[in-house]
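A short write-up of the structure that comes next.
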Amino acid sequence: MNKFMKLFAIFLFIQIQIALSQPNIIQQLCKRNRYQPLCVSTLNLDPRSKTSNPQGLASISIDATTKKTNETLTYLISVYRGIGGGREDYEKYGTCIDQDYGASVDRYLPAALANLKAKKYSAAIANLQSVVGATGDCQNQFPGRGPLLVSQRNKAVHDIADMTTDIIKTFV
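full-length UniProt numbering numbers the first residue of the sequence shown as 1 and each following residue consecutively.
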């Protein structure tokens, strides 16, 4: 074997080892998470996770939480517009849109990402717990169980935000 082939073989071996170790990082990060299957699937869905360290995986998780929160906000806006938007509807949907999901998208999630990058983990956790609380506040706007799709979307945002909180707690 010439020198080039030896160097290429070493390079290939290192790349394979890195690739094989990434799922292990995800498994380790998610193994103590209360939402382990959601954690593993969320992180594995993002191609950036293949080359990310734990801090990068937490950032990916905040991005996924932001995406799910934005989807729910968009859904709530479309439902509100579709039902005509009377006073009673505004009190329910408007609170969810303006105070709960609007605040999550505009303030809490950007702050969580900034605090993660600044390694202010306790602050990032507090930001994410505000997102978790917002889902409950929104759900409480509807007497009884509320509309099924709203409840399902609230739960989805709650779970992914809470999962992300668990990920960041591993750094504290």
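In this text, a Cβ means the ideal position worked out from N, Cα and C, and glycines have one as well.
Subject >> Pick from Tyr80, Lys119, Phe171, Asn70 that is closest to Thr95, judged by C-alpha positions >> reply: In the sequence shown, counting from the first residue as 1, residue 95 sits at position 95. With distances taken between Cα atoms, Thr95 lies closest to Tyr80.
Original post:
Exposed or buried, which one is Val172 when buried takes at least 16 other CB atoms within 10 Å?
Top reply: Within the sequence shown, residue 172 is the residue found at index 172, counting from 1. So Val172 counts as exposed.
Subject >> Reduced DSSP secondary structure (H/G/I, E/B, other) of Asp46 >> reply: For this step, residue 46 is matched to residue 46 along the sequence shown. Coil, per DSSP.
Original post:
CA-CA distance, Gln99 and Gly56?
Top reply: Locating residue 99 in the sequence shown gives position 99, where the first residue counts as 1. Locating residue 56 in the sequence shown gives position 56, where the first residue counts as 1. Distance between the alpha carbons of Gln99 and Gly56 is about 29 Å.
**OP:** For Ser21, I'd like the list of residues in its chain whose CB is within less than 8 Å of its CB, leaving aside the five on either flank, ordered along the chain.
**Re:** In the sequence shown, residue 21 corresponds to position 21, counting from 1. Here the model assigns Ser21 a pLDDT of 48, short of 50, so the residue's position is not dependable and the matter cannot be decided.
**OP:** For my contact list, Val157 and Thr72 are in at a C-beta cut-off of 8 Å; report their separation, rounded to the angstrom.
**Re:** As a working mapping, residue 157 is identified with position 157 in the sequence shown. As a working mapping, residue 72 is identified with position 72 in the sequence shown. Contact holds; Cβ gap of about 5 Å.
Original post:
Which residue's Cα is closest to the Cα of Ser61: Asn154, Val150, Lys120, Leu128?
Top reply: Numbered from 1 along the sequence shown, position 61 holds the residue referred to as residue 61. Nearest option by C-alpha distance: Leu128.
**OP:** Just the C-alpha distance for Ala112 and Ala58, rounded to the nearest angstrom, thanks.
**Re:** Indexing the sequence shown from 1 puts residue 112 at position 112. Indexing the sequence shown from 1 puts residue 58 at position 58. About 10 Å.
**OP:** Identify, in the order they occur along the chain, each residue of the same chain with its Cβ nearer than 8 Å to the Cβ of Thr165, setting aside the five sequence neighbours on each side.
**Re:** Translated into positions along the sequence shown, residue 165 becomes position 165. Excluding residues within five positions, the ones whose Cβ falls inside 8 Å are Ile125, Leu128, Gln129, Val132.
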